[in-house]
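Participant: I have a structure I would like to understand better, so I am pasting it below and will then ask my questions one at a time.
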Amino acid sequence: MPWTICADVHGAHDLLAAERPHNGPLFLLGDNLNLVDFHTLSGVAARVLSKADIGRIVLAIATGGPKKALKLADKLFFRNPEKIARARVEILKDYGELAKILPESARVIHGNVDWPDLLEEALGERYRDVGVEEIDGVRVGFLSGTGSYPYSMHLPGESDDDTYREKLFSLGPVDMLCTHFPPDIDGLTYDVVAKRSEGGSRALLDYLDRYQPRLHLFGHIHNPQVPETKRGNTRLVNVGGFRYNGGRTFRFDPRSFELVETSKPSK
């Protein structure tokens, strides 16, 4: 039975419901939450902060860089226990909506904008942090979250590079590696819409060179300059940008190891 794989749903539950498989596994590779849509300023943050404050943070990212934006976000949100508590309630509501449309066969990892404890609470056994399982004869490694990257906002879905590396290498050899973060390869990490590199992992490069899985799938970069490449014997494919590319999904045949895009981005 073919698998359905995508990343960066960002709260697009209607699109996901239309694309979800009736049979076969569904893999969501992180950034399931619509924390804030930089285009419309909608999302969970808009239910906790004013649009004016969200706009100030977005502007700070664009004009002052991540350090300035993080300082402002700390002032407006992260150091405000009442707003954090309200955000957790709203995030759990969104994850509850996601849980309703996911089949029991789903495997879901968290991305940098996700809140792992709340995602696990909502999804139960469908959530994966880090681990390996054999599915239809394919040894699949799952690793949630990201290491450090240039535009980090120090969200719960992120970790430091040493922790990320330790979790990654705990997987050992696999046939297919599923992460949210891309490897640190020029083109794979550059977003042509944002016009900047969103960062990637050096640890992933080391892992790929050592174990050479047949396939590495990831998201995080919504509009990559290079959506696919090879490193050694490994095929690297960005399966992300679901919300912002018309509900793009991929189908994987575990018998032939063929991976194909099944939903083209809307124009």
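Numbering (the working numbering), first residue to last: -1 to 265. All C-beta atoms, glycine included, are put in the ideal place defined by N, C-alpha and C.
Can you list the alpha helix (DSSP H) stretches of 4 or more residues lying completely in the region 102 to 153, in chain order?
Facilitator: If we require 4 residues or more, the alpha helix (DSSP H) runs fully inside the region 102 to 153 come out as 114 to 121.
Participant: Give every residue of the same chain whose Cβ lies closer than 7 Å to the Cβ of Thr260, excluding the five residues on either side of it in the sequence, and list them in chain order.
Facilitator: Translated into the one-based positions of the sequence shown, residue 260 becomes position 262. Correct list, in chain order: Thr247, Phe248, Arg249.
Participant: In three-state terms, what does DSSP make of Glu256?
Facilitator: Along the sequence shown, one-based indexing puts residue 256 at 258. Here Glu256 sits in strand by DSSP.
Participant: How about Leu213 and Glu226: are their beta carbons less than 8 Å apart?
Facilitator: Here residue 213 refers to the residue found at position 215 when the sequence shown is read from its first residue. Here residue 226 refers to the residue found at position 228 when the sequence shown is read from its first residue. No, these two residues do not count as a Cβ contact at 8 Å.
Participant: Determine the closest residue to Val224 out of Pro180, Thr161, Arg208, with distance taken between C-alpha atoms.
Facilitator: Here residue 224 is taken as the residue at index 226 of the sequence shown, counted from 1. The shortest C-alpha separation from Val224 is found at Pro180.
Participant: Below 6 Å CB to CB, which residues in the same chain sit around Arg126 once its five sequence neighbours on both sides are set aside?
Facilitator: Working through the sequence shown from its first residue, we reach residue 126 at position 128. Here the set comprises Arg105, Ile107, Phe140.
Participant: Should the region 87 to 99 be regarded as contacting the region 175 to 190, the criterion being three or more beta carbon pairs within less than 8 Å?
Facilitator: Touching, no, given that fewer than three Cβ pairs across the two stretches are closer than 8 Å.
Participant: Can you tell me whether Lys91 is helix, strand or coil according to DSSP?
Facilitator: Along the sequence shown, read from residue 1 onward, the residue named residue 91 stands at position 93. Lys91 falls in the helix class under three-state DSSP.
Participant: Flag this pair as yes or no: are the beta carbons of Asp112 and Gly28 separated by less than 8 Å?
Facilitator: Start at 1 with the first residue of the sequence shown, and residue 112 comes out as number 114. Start at 1 with the first residue of the sequence shown, and residue 28 comes out as number 30. The answer is yes: Cβ separation under 8 Å.
Participant: Who are the near neighbours of His266 in its chain, counting only those whose CB is closer than 7 Å to its CB and skipping five residues on each side?
Facilitator: Since the first residue shown for the chain is -1 and the last is 265, residue 266 is missing from the structure and cannot be characterised.
Participant: Cutting at 6 Å between CB atoms, please list the residues of its own chain near Leu13, excluding the five before and the five after it.
Facilitator: The residue labelled residue 13 in the question sits at position 15 within the sequence shown. The answer, listed in chain order, is Gly245.
Participant: Could you give the residue range of the alpha helix (DSSP H) that holds Lys193?
Facilitator: Residue 193 sits at position 195 when you count from the first residue of the sequence shown. Careful: Lys193 lies outside any alpha helix (DSSP H) and carries neither H nor E.
Participant: Name the two residues that bound the continuous beta strand (DSSP E) containing Glu226.
Facilitator: In the sequence shown, residue 226 corresponds to position 228, counting from 1. From DSSP, the beta strand (DSSP E) with Glu226 extends over 226 to 229.
Participant: Is the Cβ-Cβ distance between Gly170 and Ser157 less than 8 Å?
Facilitator: Counting from one through the sequence shown, the residue named residue 170 turns up at place 172. Counting from one through the sequence shown, the residue named residue 157 turns up at place 159. No. Outside cutoff.
Participant: What is the rounded straight-line gap between the Cα of Leu202 and the Cα of Arg208?
Facilitator: The count along the sequence shown starts at 1 and reaches residue 202 at position 204. The count along the sequence shown starts at 1 and reaches residue 208 at position 210. Answer to the nearest angstrom: the Cα atoms are 10 Å apart.
Participant: Excluding the five sequence neighbours on either side, which residues of its own chain have a C-beta within less than 6 Å of the C-beta of Thr232, listed in chain order?
Facilitator: Along the sequence shown, one-based indexing puts residue 232 at 234. So the list reads Leu206, Gln210, Pro211, His214, once near-sequence residues are dropped.
Participant: Count the other CB atoms, across all protein chains shown, that sit within 10 Å of the CB of Ile82; report buried if there are 16 or more and exposed otherwise.
Facilitator: To locate residue 82, count along the sequence shown from 1; it is residue 84. Ile82 is exposed by the Cβ-count criterion.
Participant: Using the beta-carbon count (16 or more within 10 Å), is Phe240 buried or exposed?
Facilitator: Numbered from 1 along the sequence shown, position 242 holds the residue referred to as residue 240. Looking at its Cβ environment, which holds 16 or more other Cβ atoms inside 10 Å, Phe240 is buried.
Participant: According to the Cβ coordinates, are Val136 and Met174 closer than 8 Å?
Facilitator: Here residue 136 refers to the residue found at position 138 of the sequence shown. Here residue 174 refers to the residue found at position 176 of the sequence shown. Yes, they are a contact pair.
Participant: Determine contact between the region 67 to 80 and the region 38 to 58, defined as no fewer than three beta-carbon pairs at a distance below 8 Å.
Facilitator: Yes, the region 67 to 80 touches the region 38 to 58.
Participant: Going by alpha carbons, who is nearest to Val191 out of Cys176, Gly217, Tyr242?
Facilitator: Position 193 of the sequence shown, counted from the start, is the residue given in the question as residue 191. Comparing Cα-Cα distances from Val191 to each of Cys176, Gly217, Tyr242, the minimum goes to Tyr242.
Participant: Nearest to Leu31 by CA position, among Arg86, Lys66, Gly63, is which residue?
Facilitator: Here the question's residue 31 lines up with position 33 in the sequence shown. Considering only alpha carbons, the answer is Arg86.
Participant: I'd like to check one pair, Glu196 with Tyr162: are the Cβ atoms closer than 8 Å?
Facilitator: Your numbering for residue 162 matches position 164 in the sequence shown. Your numbering for residue 196 matches position 198 in the sequence shown. Contact flag unset, no.
Participant: Using the C-alpha atoms, what's the distance from Ser142 back to Ala16?
Facilitator: Here residue 16 is taken as the residue at index 18 of the sequence shown, counted from 1. Here residue 142 is taken as the residue at index 144 of the sequence shown, counted from 1. Near 25 Å, if we compare the C-alpha coordinates of Ser142 and Ala16.
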